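Quick note on our numbering: the sequence shown kicks off at 1 and runs consecutively.
Yeah, the Cβ is synthetic: ideal placement off N, Cα and C, and Gly gets one too.
Treat the numbers as computed from the prediction; the structure is a model and nothing was measured.
Read through the structure below, which is laid out as structure tokens, and then see the notes.
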Amino acid sequence: SITDAAQTGLDLTGDFTLNAWVNLEDLEFPGDEYGVISKFNTATSKQYLFKLTEDNGTPETDISLLTDDGGATDVVTKGNGSDFTDAWYMVTAVKSGTTVEIFVNGTSKGTGSADNAQNAATPFTIGHQNQAADYGMMDGLIDEVGVWSRALGSDEISDLYNAGAGLAYNSFTTTATSSGSTVQDLN
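Right under this line is the structure:
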């Protein structure tokens, strides 16, 4: 984990993207939860939590993004349609305005709505929900974690997935055009 005081840039309060490759050892019991990327701790220090859950009603892996604005926690959950098996999956959560879109392997699983997250003084963690000592610990592998303080477009997410090795944040540049912003791949 990274303490709040030791970091700048992980206090995501507007648009952002969270991305990681995951390979689960075990997600078989209903209600099992695994934190992927988190800045979500006590009742007053919640910011964002990207997690995987074994669905209680059907045999599928749910992917969720939680944001907390200091007054309420918004949850956007989308099902994968099946369990994550013993394989690598790229999971992505994109928050743009109040819209959250969840992706698995570069394919959108749907959208939901969430308010902005507060700037909370809680540690940033990978592979843990950062609540109780052992609650939400990842049982598996995580690789190529990416955190962006902007909403990546679906074409960028597809590029990350199809490249396999991922693209570094600094491999993209934004330039202004008459119709808005365009993203160029510099690799």
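Next item on the list: Could you check what DSSP says for Glu152 in three-state terms: helix, strand or coil?
Entry: Here residue 152 refers to the residue found at position 152 when the sequence shown is read from its first residue. Glu is not the amino acid found at residue 152; the sequence shown has Leu there. Looking at Leu152 - three-state DSSP - the assignment turns out to be coil, as it is neither helix nor strand.
Checklist line | Spatial neighbours of Thr125 in its chain, beta-carbon cut-off 6 Å, leaving aside the 5 residues before and after | finding: Taking the sequence shown and counting its residues from 1, one reaches residue 125 at position 125. Closer than 6 Å at the Cβ level, and outside the excluded window around Thr125, lie Ser1 and Ser38.
Next item on the list: Tell me whether the beta-carbon of Leu160 lies closer than 8 Å to the beta-carbon of Asn23.
Entry: Counting from one through the sequence shown, the residue named residue 160 turns up at place 160. Counting from one through the sequence shown, the residue named residue 23 turns up at place 23. Taking 8 Å as the Cβ cut-off, Leu160 and Asn23 do not qualify as a contacting pair.
Checklist line | For Ala5 and Thr67, believed in contact at Cβ under 8 Å, the rounded distance | finding: By one-based count along the sequence shown, residue 67 stands at place 67. By one-based count along the sequence shown, residue 5 stands at place 5. In this structure Thr67 does not touch Ala5 by the C-beta definition: roughly 22 Å separates them, more than the 8 Å allowed.
Checklist line | Close Cβ partners of Thr13 (< 6 Å) along its chain, the five nearest in sequence each way excluded | finding: Counted from its first residue, the sequence shown places residue 13 at position 13. Excluding its 5 nearest sequence neighbours in each direction, Thr13 has C-beta neighbours in its own chain below 6 Å: Asn116, Ala117 and Asn119, listed in chain order.
Notebook entry, point to check: So the beta strand (DSSP E) Asp68 belongs to, where does it begin and stop?
Noted result: In the sequence shown, counting from the first residue as 1, residue 68 sits at position 68. Here the beta strand (DSSP E) through Asp68 covers Thr61 to Asp68.
Margin query: Between which residues of its own chain and Ser45 is the CB-CB distance below 8 Å, once the five residues before and five after are set aside?
Written below: The count along the sequence shown starts at 1 and reaches residue 45 at position 45. Taken in chain order, the residues that qualify are Ala120, Ala121 and Thr122.
Notebook entry, point to check: What's the C-alpha gap between Val100 and Gly153?
Noted result: By one-based count along the sequence shown, residue 100 stands at place 100. By one-based count along the sequence shown, residue 153 stands at place 153. So the two alpha carbons sit approximately 12 Å from each other.
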